[in-house]
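Notes follow the structure.
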Amino acid sequence: MKNYKYKFFIFIASLIIGFLASNNFNINSMSNLFKMNAQEYKNASEERNMLYESISDLKEENYNLQEQYNSYINDETDSANIVDNMSSQLNDYYAIGGFTEVEGPGIVVKIEDGDYDINSDSQEEVNRRTLHDIDVAMIINELRYIGAEAIALNSYRILNNTGVTCNWAFIGFEDESMEMAPFYFYAIGNPEQLETAIKAEGSYINELIIRKLKVEVNVMESITVLPTKKSYDSLYMHRNDK
Numbered sequence: 001m002k003n004y005k006y007k008f009f010i011f012i013a014s015l016i017i018g019f020l021a022s023n024n025f026n027i028n029s030m031s032n033l034f035k036m037n038a039q040e041y042k043n044a045s046e047e048r049n050m051l052y053e054s055i056s057d058l059k060e061e062n063y064n065l066q067e068q069y070n071s072y073i074n075d076e077t078d079s080a081n082i083v084d085n086m087s088s089q090l091n092d093y094y095a096i097g098g099f100t101e102v103e104g105p106g107i108v109v110k111i112e113d114g115d116y117d118i119n120s121d122s123q124e125e126v127n128r129r130t131l132h133d134i135d136v137a138m139i140i141n142e143l144r145y146i147g148a149e150a151i152a153l154n155s156y157r158i159l160n161n162t163g164v165t166c167n168w169a170f171i172g173f174e175d176e177s178m179e180m181a182p183f184y185f186y187a188i189g190n191p192e193q194l195e196t197a198i199k200a201e202g203s204y205i206n207e208l209i210i211r212k213l214k215v216e217v218n219v220m221e222s223i224t225v226l227p228t229k230k231s232y233d234s235l236y237m238h239r240n241d242k
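What follows is the structure in structure tokens.
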């Protein structure tokens with residue numbers, strides 16, 4: 001009889017332990033599920049806020065465009081204002097595209113090959129002290145990156161699709177025009193910002209100085225950059241008015 005009592009107590013204890021273990025597992029599972037849902041909710045909230053900001057920006061842009069459109073439609077008595085407004089925008093596009101002469105403050109970077117003796121110096125050292133097309137491309141890219149709004153190499157206007165190549169003592173361009181040394185890089189923009197960035201440690205200009213090329217950087221109150229002389233007709237690129 002006592003054995004049955006012991007077995008009965010053991011059976012009851014096993015049920016209780018199993019019930020508690022099951023409840024503990026369910027609680028932990030629910031806790032983990034709640035944590036996961038909370039993280040997902042946070043991510044969804046952040047994404048929603050970003051969408052709200054984008055929608056707000058688009059609404060403001062749409063409102064401004066609508067106001068401009070209404071001014072064109074309703075201003076029947078003063079068509080000259082409409083023409084002036086459109087001409088001003090067109091001039092801005094021409095300036096950005098490089099098709100008109102522009103003027104402003106900025107910097108001028110003068111670069112010449114370093115001194116070397118073709119008879120005694122190694123070819124590696126001669127190449128090291130020579131300005132190459134890759135150097136010109138890197139300088140143009142660096143000027144764009146640090147905020148130059150208009151760039152010219154000597155008298156050649158640099159456009160968004162300008163390519164350079166080495167042509168003996170000249171730097172050649174994709175339209176087969178060429179510029180020769182000394183090379184003057186004209187950059188219109190914030191003079192202090194351009195000068196500080198172009199002389200900063202790690203800049204490409206510093207790399208040229210380390211290679212012993214002759215480099216001068218001068219701040220200018222006024223720089224004039226001439227318009228491009230090349231014609232530009234896109235053969236494969238067309239507007240997508242969808």
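When we follow the UniProt record's numbering, the leftmost residue of the sequence shown carries the number 1, and every step to the right adds one. Glycine included, every Cβ here is placed at the ideal spot set by N, Cα and C. Remember, predicted model here, so these are calculated numbers, not experimental data.
Around the C-beta of residue i, are 16 or more other C-beta atoms found within 10 angstroms, so that it is buried, or is it exposed?
{"i": "R157", "result": "buried"}
{"i": "L213", "result": "buried"}
{"i": "D92", "result": "exposed"}
{"i": "Y186", "result": "buried"}
{"i": "V219", "result": "exposed"}
{"i": "Y232", "result": "exposed"}
{"i": "G163", "result": "exposed"}
{"i": "A197", "result": "buried"}
{"i": "I118", "result": "exposed"}
{"i": "G202", "result": "exposed"}
{"i": "residue 247", "result": "Any property of residue 247 remains undetermined from this structure, which presents the chain solely from 1 to 242."}
{"i": "L131", "result": "buried"}
{"i": "I96", "result": "exposed"}
{"i": "A55", "result": "The sequence given here places Ile at residue 55; Ala does not occur at that position. That one is exposed."}
{"i": "I210", "result": "exposed"}
{"i": "M1", "result": "Note on M1: pLDDT 48, under 50, position unreliable in the model; no value is reported."}
Would you identify the three-state DSSP class for residue i, choosing helix, strand or coil?
{"i": "E112", "result": "strand"}
{"i": "A150", "result": "strand"}
{"i": "I107", "result": "strand"}
{"i": "R239", "result": "coil"}
{"i": "I139", "result": "helix"}
{"i": "R157", "result": "strand"}
Checking contacts by CB at 8 angstroms: is residue i closer than that to chain B?
{"i": "D133", "result": "In the displayed structure, chain B is absent; only one protein chain is listed."}
Under 8 angstroms by Cβ, that's how I've got residue i and residue j pegged, so tell me the actual separation to the nearest angstrom.
{"i": "L208", "j": "D135", "result": "7 angstroms"}
{"i": "E195", "j": "P105", "result": "With 8 angstroms as the limit, E195 and P105 do not qualify as a contact, their Cβ atoms being about 11 angstroms apart."}
{"i": "Y204", "j": "E142", "result": "5 angstroms"}
{"i": "I171", "j": "D121", "result": "The pair is not a contact, with the Cβ atoms about 22 angstroms apart (cut-off 8 angstroms)."}
{"i": "G98", "j": "L58", "result": "G98 to L58, Cβ: 30 angstroms. No contact."}
Every unbroken beta strand (DSSP E) inside the region 163-231 [3 residues or more]
Qualifying beta strand (DSSP E) stretches, in chain order: 164-167, 170-173, 178-180, 183-188 and 214-225.
Quick one: any contact between the region 188-208 and the region 140-160, if contact means 3 or more CB pairs under 8 angstroms?
Using a Cβ-Cβ distance cut-off of 8 angstroms, the region 188-208 and the region 140-160 are in contact, since at least three pairs of beta carbons, one from each stretch, lie closer than that value.
For the region 173-184 against the region 110-126, are there 3 or more C-beta pairs whose distance is under 8 angstroms?
By the Cβ criterion, the region 173-184 is in contact with the region 110-126, since at least three pairs of Cβ atoms, one from each stretch, lie closer than 8 angstroms.
Answer yes if the region 152-166 comes into contact with the region 219-236, meaning at least three C-beta pairs across the two stretches below 8 angstroms, and no otherwise.
Flag = yes, the region 219-236 and the region 152-166 touch.
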